[in-house]
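The block underneath contains the structure these notes are about, expressed in structure tokens.
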Amino acid sequence: MTDHSRASHRLLLLAASASVAVAMVLIVVKALAWSATGSVSLLASLVDSAMDSLASLVNFAAIRYSLVPPDKEHRFGHGKAEALAGLGQAVLVAGSAVFLGREAILKMLDPQPLEATGLGIGVMVFSIVLTGALVIFQRYVIRRTGSTAIQADSLHYFSDLAVNLGIIATLVIAWFGFPEADGIVAMLIAVFVLRSAWQIGWEASQLLLDREVEGDTRDRIGAIVGAHTEALGFHDLRTRLSGRTLFIQLHVDMDQTMSLLDAHALGERIRLDIRKAFPNAEVIIHQDPVPGAPRVPVDERQDV
Numbered sequence: 001m002t003d004h005s006r007a008s009h010r011l012l013l014l015a016a017s018a019s020v021a022v023a024m025v026l027i028v029v030k031a032l033a034w035s036a037t038g039s040v041s042l043l044a045s046l047v048d049s050a051m052d053s054l055a056s057l058v059n060f061a062a063i064r065y066s067l068v069p070p071d072k073e074h075r076f077g078h079g080k081a082e083a084l085a086g087l088g089q090a091v092l093v094a095g096s097a098v099f100l101g102r103e104a105i106l107k108m109l110d111p112q113p114l115e116a117t118g119l120g121i122g123v124m125v126f127s128i129v130l131t132g133a134l135v136i137f138q139r140y141v142i143r144r145t146g147s148t149a150i151q152a153d154s155l156h157y158f159s160d161l162a163v164n165l166g167i168i169a170t171l172v173i174a175w176f177g178f179p180e181a182d183g184i185v186a187m188l189i190a191v192f193v194l195r196s197a198w199q200i201g202w203e204a205s206q207l208l209l210d211r212e213v214e215g216d217t218r219d220r221i222g223a224i225v226g227a228h229t230e231a232l233g234f235h236d237l238r239t240r241l242s243g244r245t246l247f248i249q250l251h252v253d254m255d256q257t258m259s260l261l262d263a264h265a266l267g268e269r270i271r272l273d274i275r276k277a278f279p280n281a282e283v284i285i286h287q288d289p290v291p292g293a294p295r296v297p298v299d300e301r302q303d304v
């Protein structure tokens with residue numbers, strides 16, 4: 001294992017542990033605030049934090065498993081455990097949204113004055129600061145590792161920031177004598193949380209379905225192939241992600257008069273250059289013999 005891989009593994013485990021710790025702290029402080037205020041919006045945030053803790057524990061287990069090296073039964077590694085964790089998060093988050101929607105409807109039907117709103121506002125400010133710090137750290141880890149599980153977790157916590165701001169607004173409005181706002185905002189939070197569950201579940205399912213990697217990856221690979229003057233073109237480029245591992249497959253056109261030894265050497269040079277650009281990639285290149293042709297790489301972007 002390289003130093004870069006070891007550093008990435010430490011960052012992933014640290015981020016997963018930090019997520020669990022933050023969720024636990026928020027559960028305690030929000031439970032105290034809810035018991036003092038009786039706000040269903042705070043209850044919504046408390047339930048969301050409880051789901052966060054479960055999701056973070058699932059993430060932690062999935063990340064540890066995804067870091068297990070390839071074995072005889074899993075030749076491509078265990079990276080898709082992160083996508084499975086993302087699906088698990090989506091289910092938990094969707095379940096919390098349904099519960100929150102039910103509580104919001106009950107609150108709208110029977111609004112009650114809130115108590116200790118100052119305490120509730122203080123708790124939500126504390127939650128925003130703590131959650132914001134966690135999101136910043138998670139974004140740093142995502143840039144360094146590209147982890148699917150941490151990205152899903154970060155998206156969820158980022159949505160929590162908006163939820164917490166909404167709850168502060170609710171408590172302020174209720175303090176001025178409008179308790180009806182509590183149930184209305186709780187319902188909006190439930191819809192917002194449900195939307196987050198859809199986003200997390202969609203991204204996780206696309207990774208499990210081996211969706212083509214987005215962004216400029218294909219163009220960068222084409223430029224790398226084009227930098228080799230002996231390469232006549234390329235086609236059938238396919239990419240997919242499994243955890244943090246990027247799998248790249250492509251066919252490179254080479255002069256049919258080239259010797260097997262030279263063709264192999266050219267393919268290896270291209271492969272190593274792609275690995276330099278994408279350190280976490282597994283690259284497979286097939287050499288295609290063709291008659292002399294213009295030396296301009298062409299990606300046919302075939303559908304199959």
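Going by the UniProt record's numbering, the first residue of the sequence shown is number 1, and it counts up by one from there.
Don't be surprised by glycine CBs; every beta carbon is placed ideally from N, CA and C.
Query                                                                                              : Result
Nearest residue (CA-CA) to Leu46, options Ser35, Ile27 and Leu109                                  : Ile27
CA-to-CA distance, Ile224 to Asp273, given in whole angstroms                                      : 7 Å
Rounded C-alpha distance that separates Asp303 from Pro291                                         : Only weak support is given to the placement of Asp303: the predicted model assigns it a pLDDT of 47, under 50, and the question is left unresolved by the model.
Cβ neighbour criterion (16 or more within 10 Å) applied to Val191                                  : exposed
Beta-carbon proximity of Ile189 to Gly166, cut-off 8 Å                                             : yes
Coil, strand or helix - His286 by DSSP                                                             : strand
Ala281 - partner residues in DSSP beta bridges                                                     : Leu246
Any 3 or more C-beta pairs closer than 8 Å across the stretch 235-243 and the stretch 72-84        : yes
Distance between Gly86 and Glu203 (C-alpha atoms, nearest Å)                                       : 8 Å
Burial state of Gly222, where buried means 16 or more other Cβ atoms lie within 10 Å               : buried
The alpha helix (DSSP H) enclosing Ser96, as first and last residue numbers                        : Ala81 to Leu109
Secondary structure of His74, DSSP reduced to three states                                         : coil
Sequence-distant residues of its chain with Cβ nearer than 6 Å to Ala263 (five each side left out) : Met254 and Gln287
Contact set for Ala23: own chain, Cβ-Cβ below 7 Å, skip 5 residues either direction                : Ser49, Asp52, Ser53 and Ser56
Close beta carbons around Ile248, own chain, < 6 Å, minus the five adjacent residues each side     : Thr239, Ala281 and Val283
Span of the alpha helix (DSSP H), counted from its first residue to its last, around Asp219        : Thr217 to Gly226
7 Å CB neighbourhood of Leu100 in its chain, flanking five on each side removed                    : Ala44, Val47, Ala186, Ile189, Ala190 and Val193
Contact the stretch 89-97 vs the stretch 123-136: 3+ CB pairs below 8 Å                            : no
Glu203 at chain D interface by Cβ criterion, 8 Å                                                   : Among the chains in the structure shown there is no chain D, since it carries only a single protein chain.
Cβ separation of Leu32 and Ala62, assumed to be a contact under 8 Å, to the nearest whole Å        : Not quite, the Cβ-Cβ distance comes to about 31 Å (not below 8 Å), so this is no contact.
Sub-8 Å separation of Leu161 and Ala18 beta-carbons                                                : no
Residues near Leu260 in its chain [Cβ-Cβ closer than 7 Å; skip 5 each side]                        : none
Under 8 Å between C-beta atoms of Phe278 and His251                                                : no
Minimum C-alpha distance to Asp153 - residue among Ile136, Ile168, Ala169 and Asn164               : Ile136
Beta-bridge pairing of His235 - partner residues as DSSP gives them                                : His251
Rounded separation between Gly226 and Thr145 - CA only                                             : 28 Å
For Gly241, three-class secondary structure by DSSP                                                : The question names Gly, but residue 241 is Leu in the sequence shown. Three-state result, Leu241: strand.
Cβ-based burial, Ala265 [other Cβ within 10 Å; buried from 16]                                     : exposed
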